[in-house]
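A quick write-up on the structure given underneath.
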Ligand SMILES: C[S@@+](CC[C@H](N)C(=O)[O-])C[C@H]1O[C@@H](n2cnc3c(N)ncnc32)[C@H](O)[C@@H]1O
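Numbering (my numbering), first residue to last: 74 to 269.
Right under this line is the structure:
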């Protein structure tokens, strides 16, 4: 299965970033870093054929593809990953070489999330939104398990985008893992546990 997670953040802003206070100085880039690690890591290796697309309103789109990234030098803790991600965004902005940044194999795109969703839907991907209120995931995950290409759209720390008109217009099925609100990174692990 080709499994992709999409997460969009309107809050991430690295202009006042300091490693001493990541949540407060980056608009919660820490949430994004935790989601990247939750998607890619599987014990001491990367998951196969898995991607996470990060849509940052202020900084562009970053695609982490487990088939392109090097596990050995990939930053495996939230602090290191966030710091390298900030440097990647800064270098992208000033168009200078990424040098030895272990994230240099991360693909960078200007594609916005709605455009990307339409592209994947048109190319036959099965797309689902994960939200606290929706169809019971555990009633349909067997069916999803048999699919070849799947995308899950997940909310950031506030999840506002999931209620946006633009997204709802696409009429994408909404799945819930119960009414309790989990961290986005925990939901990703639960999905992988059940789907992979
Ligand atoms: C921390 S939650 C977002 C906060 C939450 N929406 C709120 O109103 O406080 C992060 C994201 O994880 C996903 N999520 C959290 N709990 C979930 C659940 N029980 N079922 C499905 N998705 C869930 C949703 O995509 C949500 O937007």
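A virtual CB, placed ideally from N, CA and C, is assigned to each residue, including glycine.
Limits of the alpha helix (DSSP H) - the one that residue i falls within
i          : result
residue 97 : 95-99
Start-to-end residues for the beta strand (DSSP E) that takes in residue i
i           : result
residue 146 : Element bounds for residue 146: n/a, residue is neither H nor E.
residue 76  : 75-82
residue 138 : 133-138
Beta-carbon proximity check, residue i vs residue j, cutoff 7 Å
i           : j           : result
residue 234 : residue 201 : no
residue 175 : residue 150 : no
residue 161 : residue 139 : no
residue 249 : residue 206 : yes
residue 126 : residue 79  : yes
residue 100 : residue 116 : no
residue 255 : residue 159 : no
residue 83  : residue 130 : yes
residue 216 : residue 199 : no
residue 165 : residue 181 : yes
residue 108 : residue 247 : no
residue 135 : residue 104 : no
Environment of residue i [buried if 16+ CB atoms lie within 10 Å]
i           : result
residue 218 : exposed
residue 223 : buried
residue 81  : buried
residue 208 : exposed
residue 204 : buried
residue 239 : exposed
residue 123 : buried
residue 106 : buried
residue 92  : exposed
residue 110 : buried
residue 213 : exposed
residue 144 : exposed
residue 152 : exposed
residue 228 : buried
residue 211 : exposed
residue 102 : buried
Minimum Cβ-Cβ distance from residue i to chain C less than 7 Å
i           : result
residue 191 : No chain C appears in this structure, which consists of one protein chain only.
Could you name each continuous alpha helix (DSSP H) segment of 4 residues or more that falls completely within the region 155-213, going from the start of the chain to the end?
With a minimum length of 4 residues, the continuous alpha helix (DSSP H) runs that stay inside the region 155-213 are 186-195.
Give the list of continuous alpha helix (DSSP H) stretches no shorter than 4 residues that lie fully inside the region 101-131.
Complete alpha helix (DSSP H) runs here, min 4: 102-113.
List in chain order: all unbroken beta strand (DSSP E) runs of 3+ residues lying wholly within the region 225-259.
If we require 3 residues or more, the beta strand (DSSP E) runs fully inside the region 225-259 come out as 247-249.
Whose CB is closer than 5 Å to a heavy atom of ligand 1? List the residues in chain order.
One residue list follows from the rule of a beta carbon closer than 5 Å to any heavy atom of ligand 1, given in chain order as 203, 205, 227, 228, 232, 249, 250, 251, 254, 255, 257, 260.
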